[in-house]
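Participant: Quick note on numbering: full-length UniProt numbering labels position 849 of the sequence shown as 849, and the sequence is numbered without any gaps.
One structure, as structure tokens, below. Some questions next.
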Amino acid sequence: TGYVYCKAAPQLCLTASSTRVESTLLGTESAVSGFAVCMQKKSLGNPGQVWRCTPEATIYSEAYPNLLLTYLGNKRSVDDCSTDVNNSSAGPSGGAAFLIVADPLLKKYKSAQRFAFKQENFHNLGQWKKTEHSNPEWNKLAYSWPVRADGQLNKEYDWPMEGFIIPNAPPLQKPGSNLEISGTTPVRLRVLKNFEPNVDLAVSVVGPNLTNFLHTCTGLLNLPHAARRLFDSQGRELFTIQNLERDALVYVSCGEAWAGTSVSRIEQKRRFLLNQLSADVAKIQQYCSLRNPEDFVLEVNGPLAPNSGLTVNKLWSPVSGPHLETNEGSQTKGSSDQPLTAHQRAHKGSEERLNSLKWPWERLVNVSNSMDMDDPEANKYTDRDLYEKFKPQTINRVTRDMFQQFEYVNEYIALAADQNLVLSVSETEGRVTSVVLAKRRPDDINQRWIIKENGEIQARHKQNMVLTVIMPATTPDGHACLSFAGCPVVIQTRCSSAYGRSHQMWLYDGETGLIKAFHSDTQDKEITAANRADVCTYAITRGAEIDQPGYLVEIDGQQHHMCMSCARALRGRYKVQRLPPNTSFHCAMGDAKKLQIQQAGSFKVLNNKVDLSTFEADISLQYWRDTLHNLKQQTSVQTIMKEISAARTVITVKVMAYKNGEGRLRKGELICGSSIAGILANCTSRLGLSSAARRMYLEDGSVVLDIDDLVKFATENCKTEMINSILQKGDHYSQHTKEEHKSIQERDKLLENIDLPPLDVILRAPIEVWVSSGKAFVSPETVESKEENFRKKRQFRAQVCQALEIEKHILRQLKGRRLEQKKPAVYRSTLSSQQPVVIEQQWQAPTVEEQDKHLSIEKLQTHLSEIRANQQEGKVVFKGVNLQSKLYDQPNMKRVAVFPNGMSADKSVYVWGKHYTGNFGQCIFEAELLETALHIIRYGWQKD
């Protein structure tokens with residue numbers, strides 16, 4: 001009958017209403033308009049409730065036979081209790097619309113209009129086997145479809161069919177199958193280049209499908225790049241040629257948008273040049289957004305339950321992460337509770353710490369003295385068993401970090417929160433195999449993993465398959481900021497190259513349970529991002545040969561090594577063959593002028609004109625952004641072409657960088673770069689400067705402002721060295737001849753006639769530079785001279801110090817021997833009546849030799865102090881603020897309360913003055929004294 005009704009409410013049928021809806025497909029910007037589909041009471045004779053199926057797995061209503069049932073991708077959540085009625089995608093009752101009937105969509109959105117039936121009637125299992133299709137995906141998913149290939153109903157089913165309607169179903173016919181191609185006839189069309197207004201130049205091209213048609217157009221129209229897009233005469237993009245009339249006029253492009261026929265040829269050429277430059281800038285922008293992924297870890301996408309996928313996401317910080325409420329192990333990241341306040345977190349932490357200090361029996365015994373006190377709500381019911389059976393289930397609270405913590409035990413990668421959930425490989429066809437959560441099964445080899453020391457995580461069942469992050473899809477316009485957040489994780493064939501496989505490198509941290517993604521060096525990440533963003537790797541390596549994925553391209557009978565991006569652009573025009581593993585090379589498109597081949601690589605106009613190395617990528621991107629913005633304001637094609645062609649080839653120089661003020665005393669750092677800003681940024685990191693590098697000096701003290709200054713200095717230095725080598729060869733000349741060669745005129749002649757080697761040969765030797773954070777230049781000769789003087793002074797002091805230490809050592813030995821021997825004293829008589837006997841040579845008194853050593857040590861110490869005083873450099877004394885200047889001169893005027901002597905203090909008046917004389921004169925006037933005041937006496941004190 002064509003009715004689709006609900007089993008729970010048979011009186012309600014699926015109905016195509018008359019409410020107009022305008023919305024977009026979920027996850028895309030594709031606008032869709034149509035009529036909302038809702039559930040209404042069954043009404044006989046209503047064509048909006050009668051539905052028909054087609055052999056293409058689509059459904060339409062008899063009320064709108066030209067419109068197909070379309071799933072918008074929305075999902076109803078618990079919070080969708082009420083919806084804005086004025087919403088553009090609202091249904092007839094004010095709620096959100098999930099299904100509409102709309103015009104047939106484009107091919108890339110066609111899955112939103114494909115449906116399948118999933119039968120769930122246990123009385124007739126296996127009905128899906130009666131479906132007529134050629135796609136094996138329908139068998140794996142056990143999908144059914146009620147229509148045969150000829151459009152008639154399949155009578156082998158048990159009618160009526162009962163089950164679910166599944167959106168986004170795979171095609172009934174497998175792509176490329178004979179059933180799909182059968183009946184397809186080639187179509188002949190008249191083709192013009194994009195921007196071509198002359199219709200007489202159209203070329204007739206015949207092709208069975210769009211892919212073959214575009215491939216034929218590339219050769220017949222002699223396009224600079226492979227044909228990518230097809231437009232009709234109205235500017236609408238075509239995704240198939242089967243419905244076009246014979247000899248219809250179409251326009252083909254290499255990826256750029258349709259230009260139109262009403263635009264002048266000059267404007268078309270201007271747009272063409274700007275589109276090419278915009279495409280190159282978009283590639284650079286996408287590369288810069290992907291080249292340095294940091295803090296990405298493996299994460300579960302969805303609930304902590306079987307069949308949940310895996311993605312990579314930023315490392316979650318527990319500082320501001322909300323708690324996630326779950327029910328019976330079905331956790332979802334969308335249902336989050338209110339975050340705890342600081343006071344609540346402090347209470348929780350103190351309670352956890354208190355519980356950790358208790359003994360195990362205290363935790364069990366001291367919880368409560370009565371079992372009835374565990375749940376106060378249970379005391380309200382007479383039957384406790386029934387209450388425990390039917391009471392609301394407790395809510396488990398988990399945090400976001402549980403979705404990112406894993407444990408690697410016995411070749412299983414299990415969730416730290418649930419050891420029964422492990423990573424498993426889902427069985428699908430093709431090179432890309434998804435990785436999901438599954439319940440642990442000891443006999444399933446698809447759940448076994450090997451974490452190698454080099455960072456790869458291999459699948460046990462296939463040693464050449466490793467865990468891989470799917471790179472984000474790039475966009476032609478480059479406006480979207482690409483990120484690895486949310487990219488799915490699958491297993492793919494292991495990349496054998498040393499560079500270009502950072503998306504397959506991981507690091508398992510056993511302490512935190514995190515599996516960190518992109519655990520590789522910087523160059524590996526940059527090569528991986530370049531291959532994804534369609535950027536030539538020569539712009540990154542600058543001629544260095546590295547082990548990277550590449551192809552062997554045959555051009556004019558000669559074979560050249562190309563990177564993946566350039567080989568992808570040349571595919572279809574030249575013979576391309578994959579290089580064997582572990583082949584080191586640099587892309588030949590960077591040396592296109594030397595090799596005399598056409599510059600037709602991944603870049604359209606910026607080939608070998610940008611430097612995308614680590615410290616130069618952001619600078620190059622900003623420069624070409626500004627250049628593109630300025631060129632868009634230009635109206636002259638000649639100006640635009642001149643600006644683009646005038647962009648010179650990137651010149652990479654090598655510098656031997658030293659810290660300013662250290663001369664050549666320490667080993668310098670060899671740094672390569674193509675701009676001063678990039679070299680300074682690299683010097684800041686390599687030299688370990690405390691602040692950012694701001695200035696760069698040459699050996700003669702001149703400041704380097706541009707890369708041309710370095711090139712000029714290297715050229716002049718090369719000339720000088722060659723002239724000196726020529727002059728040194730003149731040993732057989734006479735002394736007079738040597739003096740003539742050393743004259744200025746002869747030297748100038750040599751400079752004019754000398755033949756310099758090529759610039760790339762000159763720039764092979766590094767240029768010595770000194771980098772500072774803003775301080776003035778200190779000559780290396782001055783530094784070396786100070787160092788030499790310091791060494792001489794230190795050697796002078798060292799000799800005196802050594803002699804002083806020797807004398808001290810001898811003195812200690814003499815004293816030790818005297819104390820050890822302890823010889824008795826000698827009594828000697830004298831003629832003195834006061835002291836007739838004198839004690840001599842007692843062991844406690846120092847000997848004469850010791851006294852001489854004491855005197856020698858004192859002389860050496862005095863001499864050493866004089867040496868240090870003379871060698872001490874004058875310290876710079878900071879005088880500070882001169883308080884004696886007039887700027888800081890404080891006024892000396894004082895205010896004094898005075899009254900005549902002998903009178904009350906209540907009659908005092910205030911007078912101002914700088915000295916006694918001034919105060920006395922004012923006292924006569926203010927205090928009304930009869931005579932001049934001679935003395936001032938402090939109140940309660942004596943006379944001053």
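Note that beta-carbon positions come from the ideal geometry of N, C-alpha and C, so glycine has one too.
Checking 7 Å against the spacing of the C-beta atoms, do Arg686 and Glu662 come in under that value?
Facilitator: no
Participant: By Cβ distance below 7 Å, which residues in the same chain neighbour Val838 in space, the five residues on each side in sequence not counted?
Facilitator: Arg828, Thr830
Participant: By the DSSP assignment, the beta strand (DSSP E) with Lys894 in it spans what residues?
Facilitator: In the DSSP annotation of this structure, the continuous segment of the beta strand (DSSP E) that includes Lys894 starts and ends at 894-898.
Participant: Between the alpha carbons of Cys53 and Pro146, how many angstroms are there, rounded?
Facilitator: Here the C-alpha atom of Cys53 lies approximately 7 Å from the C-alpha atom of Pro146.
Participant: Considering Cα atoms alone, identify which of Asp509, Val206, Ile165 is closest to Thr185.
Facilitator: When only C-alpha atoms are compared, the closest one is Val206.
Participant: Taking Cβ positions, are Thr528 and Ser565 nearer each other than 7 Å?
Facilitator: no
Participant: Just curious, the alpha helix (DSSP H) that Pro10 is in, first and last residue?
Facilitator: Pro10 -> no alpha helix (DSSP H), and no H or E assigned at all.
Participant: Can you name the start and end residues of the beta strand (DSSP E) that Phe796 belongs to?
Facilitator: Where Phe796 is concerned, there is no enclosing beta strand (DSSP E), although the alpha helix (DSSP H) it sits in stretches over 780-821.
Participant: Sort Thr474, Tyr157, Val898 by Cα distance to Gly913 and report the nearest one.
Facilitator: Residue nearest to Gly913 within the set Thr474, Tyr157, Val898 is Val898 (criterion: CA-CA distance).
Participant: For Ser602 versus Ile546, is the C-beta spacing smaller than 7 Å?
Facilitator: Contact flag unset, no.
Participant: May I ask you to report which of helix, strand or coil DSSP gives Asn87?
Facilitator: Low per-residue confidence applies at Asn87: pLDDT is 39, beneath 50, and the placement is therefore not dependable, though the value from the model is reported in the following sentence. Looking at Asn87 - three-state DSSP - the assignment turns out to be coil, as it is neither helix nor strand.
Participant: Consult DSSP for Ile936 and reduce its assignment to one of helix, strand or coil.
Facilitator: In this structure, Ile936 counts as coil in the three-state DSSP scheme.
Participant: Between the alpha carbons of Val297 and Ala116, how many angstroms are there, rounded?
Facilitator: Taking the straight line joining both Cα atoms gives about 36 Å.
Participant: For Ala227, which of Arg236, Gln234, Cys217 has the nearest alpha-carbon?
Facilitator: Closest option to Ala227, judged by alpha-carbon separation, among Arg236, Gln234, Cys217: Cys217.
Participant: Express the C-alpha separation of Asn724 and Ala600 in angstroms, rounding to a whole number.
Facilitator: Those two C-alpha atoms are separated by around 45 Å.
Participant: Suppose contacts are defined by Cβ-Cβ distances below 7 Å. Is Val553 in contact with Tyr574 by that definition?
Facilitator: yes
Participant: Output the distance between the C-alpha atoms of Ala31 and Leu25, rounded to the nearest integer angstrom.
Facilitator: Approximately 7 Å between the Cα atoms of the pair.
Participant: State the CB to CB distance for the pair Trp128 and Ser144, rounded to an integer number of angstroms; the pair is presumed to be in contact (CB under 8 Å).
Facilitator: 5 Å
Participant: Under DSSP, the beta strand (DSSP E) around Ser528 begins and ends at which residues?
Facilitator: For clarity, residue 528 is Thr in the given sequence; the question names Ser instead. Counting along the chain, Thr528 falls outside any beta strand (DSSP E), though it belongs to the alpha helix (DSSP H) covering 522-533.
Participant: One question on the structure: do Thr471 and Arg532 come within less than 7 Å of each other, judged by their Cβ atoms?
Facilitator: One point to set straight first is that residue 471 is Met, not Thr, in the sequence displayed. In this structure, Met471 places its C-beta atom within 7 Å of the C-beta atom of Arg532.
Participant: Just to confirm the assignment, what range does the alpha helix (DSSP H) spanning Ser856 have?
Facilitator: Residue range 848-871 is occupied by the alpha helix (DSSP H) that includes Ser856.
Participant: Just tell me which of Ala530, Ala517, Asp509 has its CA closest to the CA of Tyr499.
Facilitator: That would be Ala530, whose Cα lies nearest to the Cα of Tyr499.
Participant: State the CB to CB distance for the pair Arg460 and Arg448, rounded to an integer number of angstroms; the pair is presumed to be in contact (CB under 8 Å).
Facilitator: Rounded to whole angstroms, the Cβ separation of Arg460 and Arg448 is 3 Å, and the two are in contact under 8 Å.
Participant: Are there 16 or more other CB atoms within 10 angstroms of the CB of Pro170, so buried, or fewer, so exposed?
Facilitator: buried
Participant: From the DSSP output, in three-state form, read off Ser908 for me.
Facilitator: coil
Participant: Evaluate Gln558 with the Cβ neighbour count: other Cβ atoms within 10 Å of its Cβ, from every protein chain shown; 16 or more gives buried, anything less gives exposed.
Facilitator: exposed
Participant: To which residues of the same chain is Glu784 closer than 8 Å at the C-beta, ignoring the five residues directly before and after it?
Facilitator: Here the set comprises Gly663, Arg664, Leu665.
Participant: Could you please give the first and the last residue of the uninterrupted alpha helix (DSSP H) stretch that includes Met564?
Facilitator: 564-570
Participant: Relative to the alpha-carbon of Gln795, which residue among Ala776, Arg868, Arg812 has its alpha-carbon at the smallest distance?
Facilitator: Arg868
Participant: Would you call the stretch 301-313 and the stretch 480-498 touching, i.e. three or more CB-CB distances under 8 Å?
Facilitator: yes
Participant: Among the residues of its own chain, which have a CB less than 8 Å from the CB of Leu579, if the five just before and after it don't count?
Facilitator: Pro549, Gly550, Tyr551, Leu552, His561, Phe585
Participant: Looking at Val769: is its Cβ nearer than 7 Å to the Cβ of Ala657?
Facilitator: yes
Participant: Closer than 8 Å by C-beta to Asp372: which residues in its own chain qualify, once you throw out the five before and the five after it? Chain order, please.
Facilitator: Any answer about Asp372 is weak, because its pLDDT of 45 lies below 50 and its placement is not dependable; what the coordinates show is given next. The residues are Ala378, Asn379.
Participant: What are the start and end residues of each continuous alpha helix (DSSP H) run of 4 or more residues lying completely inside the UniProt domain "Doublecortin" (208-255), in chain order?
Facilitator: 210-220
Participant: Do Ala414 and Ser424 have their C-beta atoms within less than 7 Å of each other?
Facilitator: No. Outside cutoff.
Participant: Is the beta carbon of Pro293 closer than 7 Å to that of Phe615?
Facilitator: no
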